[in-house]
Every structure is written in C-alpha cells, then in structure tokens.
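Visitor: From first to last, the protein sequence lines stand for chains A and B. Adding 322 to a residue's 1-based position in the first sequence gives its number in our numbering. Adding 421 to a residue's 1-based position in the second sequence gives its number in our numbering.
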Amino acid sequence: MKKQLRWGAIVATATLASLLLASCGASAPSSSSTGSVKSIKVVIAAYSKDNTPKFWNAFKAKYEKQTGIKLNLQIIDWNDLDQQSSTMVQSGALPDILNENAYASYAASGLLYNSDQVLPAATKADIIPAFVKSGTYKGKFYGMPDLSSARALFYNTDLFKKAGITAAPTSWDEFVADAKKVTALGGGTVGYAQPLGPEEAQAELAIWLFNNGGSFKTGQTWTINSAANVKTLEFMKSLSVTDKVTQNNPGHTNRTDGAFSLFEQGKAGMVVGFSPLQAGLDTQYKNVKYAIAPMPSGDGAAPQTYGVTDYLMSFKKPGNEAAVKAFYKLYYSPSEINTWIKAEGFLPVTTSGLKLFSSDPKLKVYLDTLPNIHLTPTDDPEWDKIALTIKQNIGLAVAPNGDPKKFLDDLQAQAVAGK
Amino acid sequence: MTVVTPGQDAERIQPRRRRVFKHRRSPGTATIGEALLWLGPALILIIGVVIYPAITLVATSFNKYSIIGLRIGPAGFSNYVNFLTSPDLGQVVWNTVIWVGAVVALTILISLALAQFLSKEFFGRRFVRWAVIVPWAAALVISSQLFRLMFDYYHGIINQALIDLGVIHKPIDFLGDPHWTMPSMIAVGVFVSIPFTAYLFVAGLNAIPSDVYEAARIDGSSGWQTYRQITLPLLRPAILIGVVLNMIYVFNSFPINWILNGSNPGFGNDTLITYMYKLAFKSAAHDVGESAAAGIFNVIIILIAVGIYLRFVNWRESEKQS
Numbered sequence: 323m324k325k326q327l328r329w330g331a332i333v334a335t336a337t338l339a340s341l342l343l344a345s346c347g348a349s350a351p352s353s354s355s356t357g358s359v360k361s362i363k364v365v366i367a368a369y370s371k372d373n374t375p376k377f378w379n380a381f382k383a384k385y386e387k388q389t390g391i392k393l394n395l396q397i398i399d400w401n402d403l404d405q406q407s408s409t410m411v412q413s414g415a416l417p418d419i420l421n422e423n424a425y426a427s428y429a430a431s432g433l434l435y436n437s438d439q440v441l442p443a444a445t446k447a448d449i450i451p452a453f454v455k456s457g458t459y460k461g462k463f464y465g466m467p468d469l470s471s472a473r474a475l476f477y478n479t480d481l482f483k484k485a486g487i488t489a490a491p492t493s494w495d496e497f498v499a500d501a502k503k504v505t506a507l508g509g510g511t512v513g514y515a516q517p518l519g520p521e522e523a524q525a526e527l528a529i530w531l532f533n534n535g536g537s538f539k540t541g542q543t544w545t546i547n548s549a550a551n552v553k554t555l556e557f558m559k560s561l562s563v564t565d566k567v568t569q570n571n572p573g574h575t576n577r578t579d580g581a582f583s584l585f586e587q588g589k590a591g592m593v594v595g596f597s598p599l600q601a602g603l604d605t606q607y608k609n610v611k612y613a614i615a616p617m618p619s620g621d622g623a624a625p626q627t628y629g630v631t632d633y634l635m636s637f638k639k640p641g642n643e644a645a646v647k648a649f650y651k652l653y654y655s656p657s658e659i660n661t662w663i664k665a666e667g668f669l670p671v672t673t674s675g676l677k678l679f680s681s682d683p684k685l686k687v688y689l690d691t692l693p694n695i696h697l698t699p700t701d702d703p704e705w706d707k708i709a710l711t712i713k714q715n716i717g718l719a720v721a722p723n724g725d726p727k728k729f730l731d732d733l734q735a736q737a738v739a740g741k
Numbered sequence: 422m423t424v425v426t427p428g429q430d431a432e433r434i435q436p437r438r439r440r441v442f443k444h445r446r447s448p449g450t451a452t453i454g455e456a457l458l459w460l461g462p463a464l465i466l467i468i469g470v471v472i473y474p475a476i477t478l479v480a481t482s483f484n485k486y487s488i489i490g491l492r493i494g495p496a497g498f499s500n501y502v503n504f505l506t507s508p509d510l511g512q513v514v515w516n517t518v519i520w521v522g523a524v525v526a527l528t529i530l531i532s533l534a535l536a537q538f539l540s541k542e543f544f545g546r547r548f549v550r551w552a553v554i555v556p557w558a559a560a561l562v563i564s565s566q567l568f569r570l571m572f573d574y575y576h577g578i579i580n581q582a583l584i585d586l587g588v589i590h591k592p593i594d595f596l597g598d599p600h601w602t603m604p605s606m607i608a609v610g611v612f613v614s615i616p617f618t619a620y621l622f623v624a625g626l627n628a629i630p631s632d633v634y635e636a637a638r639i640d641g642s643s644g645w646q647t648y649r650q651i652t653l654p655l656l657r658p659a660i661l662i663g664v665v666l667n668m669i670y671v672f673n674s675f676p677i678n679w680i681l682n683g684s685n686p687g688f689g690n691d692t693l694i695t696y697m698y699k700l701a702f703k704s705a706a707h708d709v710g711e712s713a714a715a716g717i718f719n720v721i722i723i724l725i726a727v728g729i730y731l732r733f734v735n736w737r738e739s740e741k742q743s
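1) Against chain B, does K462 (chain A) count as a neighbour if the rule is that its beta carbon must be under 7 Å from one of theirs?
2) Compare the Cα-Cα distances from Y428 (chain A) to each of A:D725, A:G717, A:D702 and report the closest residue.
3) Considering E711 (chain B), what are the terminal residues of the alpha helix (DSSP H) in which it resides?
4) Please give me, in chain order, every unbroken run of the alpha helix (DSSP H) with length at least 4 that falls completely inside the segment 585–627 of chain A.
5) Can you list, in chain order, the residues of its chain with a C-beta nearer than 6 Å to that of F595 (chain B)? Leave out the 5 residues immediately preceding and following it.
6) Taking the alpha-carbon of A480 (chain B) as reference, which of B:V727, B:A715, B:I723, B:F733 has the nearest alpha-carbon?
7) Find the residues of chain B that neighbour S431 (chain A), judging by a C-beta separation of less than 8 Å, and give them in chain order.
8) Comparing C-alpha positions only, which one of A:K376, A:V364, A:D404 sits nearest to N394 (chain A)?
9) Taking only the alpha-carbon atoms, compute the straight-line gap between T445 (chain A) and N642 (chain A) and give it to the nearest angstrom.
10) Measure the C-alpha to C-alpha separation of I490 (chain A) and L584 (chain A) and round it to an integer number of angstroms.
11) Using only CA atoms, which one of B:V513, B:A456, B:I629, B:V555 lies nearest to L700 (chain B)?
12) Please report the distance separating the alpha-carbon of L481 (chain A) from that of V504 (chain A).
13) Since V709 (chain B) meets chain A, which of its residues come closer than 8 Å, beta carbon to beta carbon?
14) Mind pulling the chain B residues with CB within less than 8 Å of S427 (chain A)?
15) Which word fits N660 (chain A), buried or exposed, when buried means at least 16 other C-beta atoms lie within 10 angstroms of its C-beta?
16) If we ignore side chains and look at the alpha-carbon of each, how far apart do Q566 (chain B) and N690 (chain B) end up?
17) What whole-angstrom Cβ distance do L627 (chain A) and I695 (chain A) have, given they're in contact under 8 Å?
18) Output, in chain order, the set of chain B residues within a Cβ distance shorter than 7 Å of I366 (chain A).
19) Could you tell me the boundaries of the alpha helix (DSSP H) in which R492 (chain B) lies?
20) Using the beta-carbon of each residue, which ones in chain A are nearer than 9 Å to Y730 (chain B)?
21) Taking only the alpha-carbon atoms, compute the straight-line gap between I721 (chain B) and L693 (chain B) and give it to the nearest angstrom.
22) Name the residue from A:H574, A:S470, A:A719, A:K608 whose alpha carbon lies nearest to the alpha carbon of E666 (chain A).
23) Measuring only between beta-carbons, confirm whether L676 (chain A) sits less than 7 Å from chain B.
24) So if DSSP puts P467 (chain A) in a beta bridge, which residue, or which two residues, is it bridged to?
25) Starting from I398 (chain A), trace the beta strand (DSSP E) both ways and give me its first and last residue.
26) What residues are listed by DSSP as bridge partners for S361 (chain A)?
27) Any beta-carbon of chain A closer than 7 Å to the one on L724 (chain B)?
28) Less than 7 Å between the beta carbons of A619 (chain B) and A536 (chain B), yes or no?
29) Reducing DSSP to helix, strand and coil, say where N533 (chain A) ends up.
30) If we define contact as Cβ-Cβ less than 7 Å, is D594 (chain B) a contact residue for chain A?
31) Whole angstroms are fine: how far does the CA of F548 (chain B) sit from the CA of N667 (chain B)?
32) Taking just the CA atoms, how far does Y650 (chain A) sit from S487 (chain B)?
33) Starting from the Cα of S361 (chain A), find the closest Cα among A:K638, A:D372, A:T389, A:A624 and give me that residue.
34) Per the contact definition of three or more C-beta pairs closer than 8 Å, is the segment 666–680 of chain A in contact with the segment 587–604 of chain A?
35) I need the boundaries of the alpha helix (DSSP H) containing L475 (chain A), first residue and last residue.
36) Taking the continuous alpha helix (DSSP H) assigned at I659 (chain A), which residues delimit it?
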C-alpha cells in the first residue's frame, strides 16, 4: 500500500513536470540571439513530383552561392502540408519561409513579416494588383503570391461534334442543353464532370458563384447566403439531381482522381479545369480533343474568371530578416519565378511575367482575364475555416436530400459568428 | 588416505559453490544500478515513444490552439466538452462499433475455417500458405489504394466483373453510396486482418496434441462433435488473443477508412480514429486541442471494450485452465 502511494506520487510529479515542460515548449520561440542567421528553413509545397524538386534544388544552390546562407529545403506533399505546418507552429519549430494556400491566420497571429520589412519596393510594384490585394491583411501585404492559376471551361470537341453542338455554351441554359446532348450519346459519357467531394470543392463553388453575380464577401460583409448564391447552389444541385447530366454522385467525387480523370478518359463533355489539366492533356492524353472557353454566365453578365494563388510567407525570427529579403529578391527575379511557373504549367503573378507569357497562345484565354481575376477572400482569416467547411460538407448539400439554402445559411452564420 | 573419486569430489564442491553464490546475493535480485543498466535501453525507449507522447497528448488536450496550431492558452475541459457534444459523435461511435464488430467477427470466423484448411496436408500447401500471407506483407496504404481503384464506379474491375457476369446491370457505387461504403471498407478490413489471425490459429491447432483426437475417434465422436468439443475449447487461448489483438488493431486502423472514404463529404462513414484526424486538420474546427481530447477518449474506449470482452469470456478462468 505504502509502496503504491510512493509510486503514485512519483508518477504524479513526473506528469506535472512534463505537463509544464510540454506547455512551455509549445509557446513561441524566445528572441534571445541577435545577429544574422547562418541558415534558413524553407518549406515548399510539392506541385509536381518532377518539377518542384528540380527547380527548388537549383534555386537553393543559387541562393547559397549568392548569400553564403545555407538554405534547408523541405518539400512536402499538399496532402500533408497542412498537418506538418500546424505541427511546426505547435512545436515552435517555425520555418523561415512557408509555401501554403492560406496566410491570413498566420498574419492575424502576428507571426509574419510584411512586405515593408522583407520585399524590395520594385518587386512589390511588379506584382499584379489583384494578388497584392488578396495578400493584404489589415492594410499590410503579408501573403506574397508564388504562382497563380485561373479556371475556365474545358470541353471535349469530339463529343460536342458527335452531339451536334457547334460552340461552347455561353449561358447556363445553353450549358444544361449541351450537357444533356452529350449525356444522351450514351456509352458512359457524362455531360459535365462536377467535383464536389472534399478535395477542392470550394473552387467549384466559387467559379459558379462568381458567374451568377455572387461573391462570398462584399466589402467587409459576408454575403455567402445571398439570394443569388442560393440560386447558384440550387442550380449546381439540379445538374445531378433533376437534369442528370453529371457523373454519378458529384458530392462524392474529388477533382483530381474523379472529374479530371473522366475528362482525360474522354468520358466527360465538360469540366472546369486549369492549366495543369491542360498540360496533362497535351502530354499524356493526346487522343482527347478539347478546347477551352470562358465560363457560361448565369445572370447574362460577361464571364468572370476565378483565380487561385498560393503564398510564400515569411516568419519573424530573430536575425533572419536579411536572409528572407534575399530569398524574395532572388525568387521574384524574372528568370527564377517564370522558369518555375512555366515548368509547373501555372500562370504568372507579376506584370513582367504576364508580358513574358503572353507570347504563349495556349495561355491566352487565361492571361487576358488575369488582371481582373476574382479570388476567394483569402485575406480574411475566417475564410480559412469557411473553406474547410465547404470542402467537408458541400457534398451533402447537393445530394438528392440535401438542402443548399440551409448549407449556405449555416456557412453565413459560421462566418459572421467567427467561430 | 582415502581415494576421492571424481564424483564424490564434485558432490563435495558443488554445495559449497552454491553457498558462496547465495552469500553474494539471493537469486533473482540485483542492485538498482545493475537493474537500470539492463533495463536502461528499454526504459528510454518506453519513455521516449510511449510516455512522453502520452503526456504531450494530455497536455495538448487541456490547451487551446488556433487554426494554425498556435497555443492560445489553457482550455480547461472545454476541448472535452466540445468533442463530447459535437453533433457527429453519435454517428461516428456507431460507425466504429459496426466497423470493429464486423471486421473482428468476420475475421475470426473466416480465419478459423482457413486455419483448419491450412493445417491439413495437401499438394501445394506451401504455395497457399504464402499466398495467404501476402495481404499482410503489403503496406496497408498500398492495399487500400488498390482497393480504391478496384471499387471505382467508372473504371473499377469489381463492377466490370459483376456486369460481365450478369450479376448486376449498372455499376454499384461501392465507395460513394452510403449503403455500400461501410460494407466495402469492412471487406478490405477483413482481407488484411485474416493473415495474422489465420496463422495464429494454425499455430494454435498445431499445439493441440494428436492423442486427444485419437481418443475422440476411438470413442466414436463425429467430425463436428470433435471440432466443437475438442478443437474449439483447446483453441480458446488463441481465439482470445486473436480477438483482443484484432479489436485493438482494427479500432486503430487508419489507412483503410481514410483512403476508401476519402472522397465522401461529412463524417457519415468516419470511425473515431479518422474523425480524430479530421478534427485536427480537415474539419472547420481544425483544432489540435479538441483532437487530442478525442485521442484520449479513444484510448479509454478501447481499454473499456477490451476489458468488457475479457470479463465476458472469463479471462482469468481460462488462464487457470491453460
């Protein structure tokens, strides 16, 4: 009995001590050392298996030669990036540069450098204003765009010809009619491949929303459940439930291994795609004949383009300011950033890049619209959670028994409550 | 002078030696220092990979974290309250019960039959034994990914085969249709659990002495009687271990549910383990603290489940018997 008590005391003390240690370890790193750093940790998302390591290893060599600072490069798969970056923050092992698709929550926590501290003025002036805007949180530019992509409507010209359609649809009515004709061809073809599974559903929602005069946020006000948006999501649901022009179960279909793969197999008449899909079609799936058109419009207005950019943000750590500045300076030099963007098949984020890429006829359909591009409200930290909810739950809202209006009302409530 | 024979000599010396040994220390005890020296590596390992993470988990569950993983402050029990009151928990617990119950039960039943078959002599037995072990040797992630392709609605080989055989006329959405998702995952779970369990039972069968069977035969017992009254009772320790290990293993299984359920929205097919992961990194909550609370809840649940099972089968009694 006595022995047990003693052991209990030892275990309790050890637990307490470890609890204290663990909670201390989780707090932000102390700023004790001064002077400049000898190495920086750079965490990059793997956009592709081949091109990402190739470019960044070459970049690392150049950076180290130029500055004499060691660049510790870590390339992480998109699927694990969120988890790993969260672990880095939690354990206080912050990187110096992090490549992610969201930055506002980090900026809101006061962890990031803003452009005044680390970005050369000429570089900032070169970045396309729409991206500066999306990277700006509370008046300061924190989210430096690394590359961008824009979505457009891809259609299979062989299937269109077979179905007797001559041009891409420009209105939603035409879109449904064309999709019905392609579906009627039979043989497992579907009119429209609609990815509303958890992978990237917020993108699919955004592009349809923008083309019906809607938006997630107008000025400082969330407008997720506006009448136009409810109409849009109801339309998206009707595509599979009443019109039956989509693949089976869109709410359970992811983008990459679902909708895109159907289009690559020549089984889908239309899909919302972007330049990496195009690169795949041009190299691997050459028997699929396709064309790219602006999105059809739901409200009769001109087609709107939905764009996505990812960010290279930099964390405030003692003595790393100069090293980070040198990193951005090298990254945004035209020979670096544009080589990388070209290799991955994405779109530029700088005015100089826009000029350089404009000679490529394949990119014309996107480049023309890039300066007026619509982005999701990534400058609001609340959006990070809204996007997660959309990804996780929109599939349920477009199921036969789903309720689009309630889904959008709940989203709006979540955004307004800031929970 | 007496002649001492070697035997006598040995007899005389040995007790003394033993006494000397006894004098230095009684058998079975060592000083703390000696014990630590031998136990050191194991203790370091246990502290590093079991105790420290467990303590961190407890600490995390009592702190509040922002969406990016930054500690905001102490949370008290709010993480536990949030987790236990989340509207999806009921469905997730029910899924977990179905998942663990069905996979373990089917695995045990099929493995019993398979073990009986594998312990018989037949041509090509070696080949069959190797074939059975393959699913175990393959990484779970790879097996799950392969099944995901095989179950696919449009390109999956299972739908193709069923249509070609005329069993069905239009493909089944094995991984998207709510009625089929859980059964499909259970099938894969059973497939990867069978090798270990079957081999456990083969070893158990080999340990049963042949004379009991001989006695049964002489007494005129039928095949089924022999199986029920001799094989099963003597296999009881192996079945016990098989059930307990599989319960823990299947409960904690992550890749099968994660990959096969990967394109489904919501939490309709999640088990406690995948739900815990989604809480931390995929759900809108994106809350490491709440996820840690879920992790502690999970450990408690599986301990209780195993405890109930062991009580149910009267573990101590069977231990005394064997």
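By construction, the Cβ of each residue, glycine as well, lies at the ideal position given by its N, Cα and C atoms. Just so you know, these numbers come straight off a predicted model, no measurement behind them.
Guide: On the basis of the supplied data:
1) Locating residue 462 (chain A) in the first sequence gives position 140, counting from the first residue. Chain B contact via Cβ: absent.
2) For this step, residue 428 (chain A) is matched to residue 106 along the first sequence. Cα-wise, what sits closest to Y428 (chain A) is A:D702.
3) For the purposes of this step, residue 711 (chain B) is taken as residue 290 along the second sequence, with counting starting at 1. Segment 709–733, the alpha helix (DSSP H) holding E711 (chain B).
4) Correct list: 597–605.
5) Walking along the second sequence from the start, residue 595 (chain B) turns up at place 174. If you ignore the 5 residues before and after F595 (chain B), its C-beta comes within less than 6 Å of the C-beta of F572, W601, S605, all in its own chain and listed in chain order.
6) Here residue 480 (chain B) is taken as the residue at index 59 of the second sequence, counted from 1. The candidate whose alpha carbon is nearest that of A480 (chain B) is B:A715.
7) Position 109 of the first sequence, counted from the start, is the residue given in the question as residue 431 (chain A). Under the 8 Å cutoff, chain B gives S487, I489, L491.
8) Within the first sequence, the letter at position 72 stands for residue 394 (chain A). Nearest to N394 (chain A) by alpha-carbon distance, out of A:K376, A:V364, A:D404, is A:V364.
9) Mapped onto the first sequence, residue 445 (chain A) falls at position 123. Mapped onto the first sequence, residue 642 (chain A) falls at position 320. Put simply, the backbone Cα of T445 (chain A) is about 19 Å away from that of N642 (chain A).
10) Indexing the first sequence from 1 puts residue 490 (chain A) at position 168. Indexing the first sequence from 1 puts residue 584 (chain A) at position 262. Position check: residue 490 (chain A) holds Ala in this sequence, whereas Ile was assumed. One C-alpha to the other measures close to 19 Å.
11) The residue labelled residue 700 (chain B) in the question sits at position 279 within the second sequence. Nearest to L700 (chain B) by C-alpha distance, out of B:V513, B:A456, B:I629, B:V555, is B:V513.
12) As a first step, residue 481 (chain A) is located in the first sequence; it is residue number 159 there, counting from the start. As a first step, residue 504 (chain A) is located in the first sequence; it is residue number 182 there, counting from the start. Spanning the alpha carbons of L481 (chain A) and V504 (chain A) requires a straight line of approximately 7 Å.
13) Here residue 709 (chain B) refers to the residue found at position 288 of the second sequence. In chain order: S408, Q412.
14) Your numbering for residue 427 (chain A) matches position 105 in the first sequence. Within chain B, the C-beta atoms nearer than 8 Å to that of S427 (chain A) come from S487, I488, I489, in chain order.
15) As a first step, residue 660 (chain A) must be located in the first sequence, where it is residue number 338. Burial call: buried.
16) The residue you call residue 566 (chain B) lines up with position 145 of the second sequence. The residue you call residue 690 (chain B) lines up with position 269 of the second sequence. Straight-line Cα distance between these residues: approximately 17 Å.
17) Residue 627 (chain A) sits at position 305 when you count from the first residue of the first sequence. Residue 695 (chain A) sits at position 373 when you count from the first residue of the first sequence. Correcting the residue type first, residue 627 (chain A) is Thr in the shown sequence and not Leu. Contact flag correct, Cβ pair sits at about 5 Å.
18) As a first step, residue 366 (chain A) must be located in the first sequence, where it is residue number 44. Here the premise fails: no neighbours, minimum Cβ distance about 18 Å.
19) Taking the first residue of the second sequence as 1, we reach residue 492 (chain B) at position 71. First-last for R492 (chain B): 492–495, but that is the beta strand (DSSP E), not the alpha helix (DSSP H).
20) As a working note, residue 730 (chain B) is residue 309 in the second sequence. Residues of chain A passing the Cβ test: none, with the nearest at roughly 27 Å.
21) The sequence position of residue 721 (chain B) within the second sequence is 300, counting from 1. The sequence position of residue 693 (chain B) within the second sequence is 272, counting from 1. Whole-angstrom Cα-Cα distance: 12 Å.
22) For this step, residue 666 (chain A) is matched to residue 344 along the first sequence. Among A:H574, A:S470, A:A719, A:K608, the Cα nearest to that of E666 (chain A) is on A:S470.
23) What you label residue 676 (chain A) is simply residue 354 of the first sequence in a count that begins at 1. So, not an interface residue.
24) By one-based count along the first sequence, residue 467 (chain A) stands at place 145. Per DSSP, A:Y633.
25) Residue 398 (chain A) sits at position 76 when you count from the first residue of the first sequence. Counting along the chain, the beta strand (DSSP E) containing I398 (chain A) begins and ends at 392–399.
26) Within the first sequence, numbered from 1, the residue matching residue 361 (chain A) stands at position 39. S361 (chain A) pairs with A:K392.
27) Position 303 of the second sequence, counted from the first residue, corresponds to residue 724 (chain B). L724 (chain B) does not count as touching chain A.
28) Walking along the second sequence from the start, residue 619 (chain B) turns up at place 198. Walking along the second sequence from the start, residue 536 (chain B) turns up at place 115. Yes, these two residues count as a Cβ contact at 7 Å.
29) Translated into the one-based positions of the first sequence, residue 533 (chain A) becomes position 211. DSSP places N533 (chain A) in coil when its eight states are reduced to three.
30) Taking the first residue of the second sequence as 1, we reach residue 594 (chain B) at position 173. D594 (chain B) belongs to the set of residues whose beta carbon lies under 7 Å from a beta carbon in chain A.
31) As a position in the second sequence, residue 667 (chain B) is number 246, starting the count at 1. As a position in the second sequence, residue 548 (chain B) is number 127, starting the count at 1. About 25 Å.
32) For the purposes of this step, residue 487 (chain B) is taken as the residue at position 66 of the second sequence. For the purposes of this step, residue 650 (chain A) is taken as the residue at position 328 of the first sequence. S487 (chain B) and Y650 (chain A) have their C-alpha atoms some 28 Å from each other.
33) As a first step, residue 361 (chain A) must be located in the first sequence, where it is residue number 39. Selection A:K638, A:D372, A:T389, A:A624 evaluated against S361 (chain A) yields A:T389 as nearest (Cα-Cα).
34) In short, these stretches touch, since the Cβ pair count reaches three.
35) Position 153 of the first sequence, counting from 1, holds the residue named residue 475 (chain A). It is not in any alpha helix (DSSP H) - L475 (chain A) instead sits in the beta strand (DSSP E) that spans 474–478.
36) Along the first sequence, one-based indexing puts residue 659 (chain A) at 337. Per DSSP, I659 (chain A) belongs to the alpha helix (DSSP H) from 656–666.
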